[in-house]
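The block underneath contains the structure these notes are about, expressed in structure tokens.
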Amino acid sequence: MSIFAMERVAIAVIATIGTISIMFELLGLLGAYKEHHCLTMTYAVLMLLATCASIGSAALEPAYWFTVTIDAVITTLAFMYARDLRRRQLRLAFIRSTGGEDPEFYPTVPVYPPPSYGATPATPGSSYPMQTHVVADPPAYKD
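Each number in the working numbering comes from the position in the sequence shown (counting from 1) with 138 added on.
Put into structure tokens, the structure is as follows:
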């Protein structure tokens, strides 16, 4: 093979790898833009494979550890975003199935009045819950 033929093959290989990597990143961009769980999860799994490959290259050449760090951060963020999308989809499905009741509507912690900072206390029973450690009742669901 001549030098010119090898140069053409090298250019074709670089162009092919560049095109595949651009399509790979567009998959994640489209999944995030459309907020589609399956596309985002596919991108996260492919990024996990890329992270494993960059760990292999960093084991051979220590100069690639920065790339491993960046790939690990991107992979973690992709999985976290996919998890958040899934939680939101499940929550919306629950809201639709219960007729519009939001499951996180009522507080699950004790409700206390704000501090008075030196003001005279109100008469007992005039403010709710008046530090009685009463938890606010959840709304009654209509049948």
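Backbone N, C-alpha and C define an ideal beta-carbon position, used for all residues, glycine too.
Just so we're clear, the structure is a prediction, and the values are computed from it rather than from any experiment.
Practice task
Evaluate D209 with the Cβ neighbour count: other Cβ atoms within 10 Å of its Cβ, from every protein chain shown; 16 or more gives buried, anything less gives exposed.
Solution key: As a working note, residue 209 is residue 71 in the sequence shown. Classification for D209: buried.
Problem - Sequence-distant residues of its chain with Cβ nearer than 6 Å to G166 (five each side left out) - result: For this step, residue 166 is matched to residue 28 along the sequence shown. Contacts found: Y181.
Handout entry: Proximity winner among A201, I212, H174, P200, relative to A188 (alpha-carbon distances)
Key = As a working mapping, residue 188 is identified with position 50 in the sequence shown. Taking only the C-alpha atoms, the option nearest A188 is I212.
Exercise for the section: Determine, using beta carbons only, whether E173 and L223 come nearer to each other than 8 Å. Expected result: What you label residue 173 is simply residue 35 of the sequence shown in a count that begins at 1. What you label residue 223 is simply residue 85 of the sequence shown in a count that begins at 1. Yes, they are a contact pair.
Exercise for the section: Kindly list the residues whose CB is nearer than 7 Å to the CB of H175, restricted to its own chain and excluding five residues on each side of it in sequence; keep chain order. Expected result: Counting from 1 along the sequence shown, the entry for residue 175 is found at position 37. Once the five neighbours on either side are set aside, the close Cβ partners of H175 are A220, L223, R224, Q227.
Exercise for the section: Enumerate in chain order the residues of its own chain whose CB-to-CB distance from L177 is below 7 Å, with the five nearest sequence positions on each side excluded. Expected result: Position 39 of the sequence shown, counted from the first residue, corresponds to residue 177. These residues qualify, in order along the chain: L165, L168, G169.
Exercise for the section: Output the distance between the C-alpha atoms of A191 and I141, rounded to the nearest integer angstrom. Expected result: By one-based count along the sequence shown, residue 191 stands at place 53. By one-based count along the sequence shown, residue 141 stands at place 3. Answer to the nearest angstrom: the Cα atoms are 30 Å apart.
Exercise for the section: Under 8 Å by Cβ, that's how I've got F193 and V183 pegged, so tell me the actual separation to the nearest angstrom. Expected result: Counted from its first residue, the sequence shown places residue 193 at position 55. Counted from its first residue, the sequence shown places residue 183 at position 45. Per the sequence presented here, residue 193 reads as Ile, with Phe not at that position. Incorrect: roughly 16 Å between the Cβ atoms, too far for contact.
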